[in-house]
Every structure is written in structure tokens, then in C-alpha cells.
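> Below: one structure in C-alpha cells.
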Amino acid sequence: GQQLNQSPQSMFIQEGEDVSMNCTSSSIFNTWLWYKQDPGEGPVLLIALYKAGELTSNGRLTAQFGITRKDSFLNISASIPSDVGIYFCAGSAFQGAQKLVFGQGTRLTINP
Amino acid sequence: NAGVTQTPKFQVLKTGQSMTLQCAQDMNHNSMYWYRQDPGMGLRLIYYSASEGTTDKGEVPNGYNVSRLNKREFSLRLESAAPSQTSVYFCASSERSSEKLFFGSGTQLSVL
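Protein chains in written order, with this note's numbering: chain A, 425 to 536; chain F, 17 to 128.
Quick look at the structure:
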């Protein structure tokens, strides 16, 4: 079956630093999404990508759909304390949420 | 605006006990999902309901049953709980099979 490898698994940064994380798939995907999970809450959608090479921003967050269609990247600029949480990538080769595969998550910790 | 509401928030069961996790959404979404989240792993789909009146197995359905009671409500039942079912359970909903999922805040279940 499809597998996602998300890295890094955890990050410890200083407030104000930029953050980069990525996901790679063992097969080609047609959809990539990035979710964020705050402690004690469910994941919240940040960005959805539907086209190879697509670059989409949401405030200080920017995500890209890799041109190989096997990877995606999320960047956070000028991190702030509320960026703390777990970031999940999710992807699918087929239409429909039931086909989504989730990465293991990147846990982001910020030192003020 | 409540979104997706899950109950209970926490639950402790003994091996062999049964229980039902409740989920309701107020966004008029057609599709609803149950996921489990285990440490170091991504979200894994247990069951989903693409529309009212239909349910289908996801990646890890063994030991669970579901009921789509109406368009708003989708419950998950553990008939005979096992320690391997200790996990955090998330209900989610979306517009007709859209990958843009809206999650509840989760149920932390421990089976002793």
C-alpha cells in the first residue's frame, strides 16, 4: 500500500526562526494536504494542493506540491509560539478522503 | 459554530467491555469518518460513511462497528475492547468525499 515518510519527526527551534518540513511518498500522488494539530485538539487543515509544482501560501505558511508528485514541502516563516504543535502531511493518488494516507507527523517545539 | 462534536473526551475500559463513541456534525456534510491516532503513527482510517445510509471499512476496521444514524451523526462501537484498541479516536466530516476534513477534538481511550 501507499506509504508516507514525513521528516523531521521533531524540531526544536527558537522563536523567529524559519521552519521546513517535508513528506515523501512511495508512489505518485494527485493530492497533498497539510494539517496542524494543537495539543488536545483534532487536526485542522492548513493548505491543500492539487497540481504538481503548485505553490500555495496561507499567511506565514507556504506549501509546495513537488514536481515529481512524490513529495510535498511545508515552510513556516518567522515562527511564533502559537506555531507549536504537530504538523501532518496527507496525500492520495485517488479522489476521496477515504483514500488519504497520513504522515507520522512533525512535532514542532519553539523556545521563546 | 460547534463543527464536529465528539463524546466522551476520555474513557477507561476493562478488557472485554463495550462502548460507543458518539460523533455529530452541524456543517451539513455528507461524508463522515472515524480515525485512530497512535504515538509515532499517522492517522489511520477505521470506517467511513460517504453518505447517509452507507458505511465502508477503512484501513483498520477489525474490532469496530459503525452506525450512520442520520446525516449528522456517526457512531463507533467497540463490542469487546482489547488493550490494542488503546488510542486517541477522531471523528471527521467533509463535503461529499472531499479531502478537506474537519476533525472533532478526539476521544482518549484506554483499555486495561
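All C-beta atoms in this analysis are idealised placements derived from N, C-alpha and C, irrespective of residue type, glycine included.
Quick one: what's I534/A bridged to in DSSP?
For I534/A, which the question treats as bridged, DSSP gives the partners I437/A.
> With a cut-off of 8 Å on the beta carbons, I'd call S110/F and K116/F a contact; round off their distance for me.
Rounded, the Cβ-Cβ distance is 6 Å, consistent with contact.
> Say whether chain A places a C-beta atom closer than 8 Å to the C-beta of S67/F.
For S67/F, the answer is no, since every Cβ of chain A falls outside 8 Å of its Cβ.
> Check whether the segment 23–33 of chain F and the segment 498–507 of chain A touch, using three or more Cβ-Cβ pairs below 8 Å as the test.
Output reads no: the segment 498–507 of chain A does not touch the segment 23–33 of chain F.
> Could you check whether the segment 471–484 of chain A touches the segment 425–440 of chain A, counting it as contact only if at least three pairs of C-beta atoms, one from each stretch, sit closer than 8 Å?
No, because fewer than three Cβ pairs between the segment 471–484 of chain A and the segment 425–440 of chain A fall closer than 8 Å, the two stretches do not touch.
> For a quick check, are the C-beta atoms of V508/A and T530/A less than 8 Å apart?
No.
> Of the choices T71/F, L61/F, S67/F, T70/F, whose alpha-carbon is the least far from that of V104/F?
Here the closest residue by C-alpha is L61/F.
> Looking at the structure shown, is Q27/F part of a helix, part of a strand, or coil, going by DSSP?
Reduced to three states, the DSSP call for Q27/F is strand.
> Can you tell me the Cβ-Cβ gap for M48/F and F90/F, rounded? I've got them flagged as a contact below 8 Å.
Contact flag correct, Cβ pair sits at about 4 Å.
> May I have the straight-line CA-CA distance separating T486/A from S503/A, to the nearest angstrom?
Answer to the nearest angstrom: the Cα atoms are 13 Å apart.
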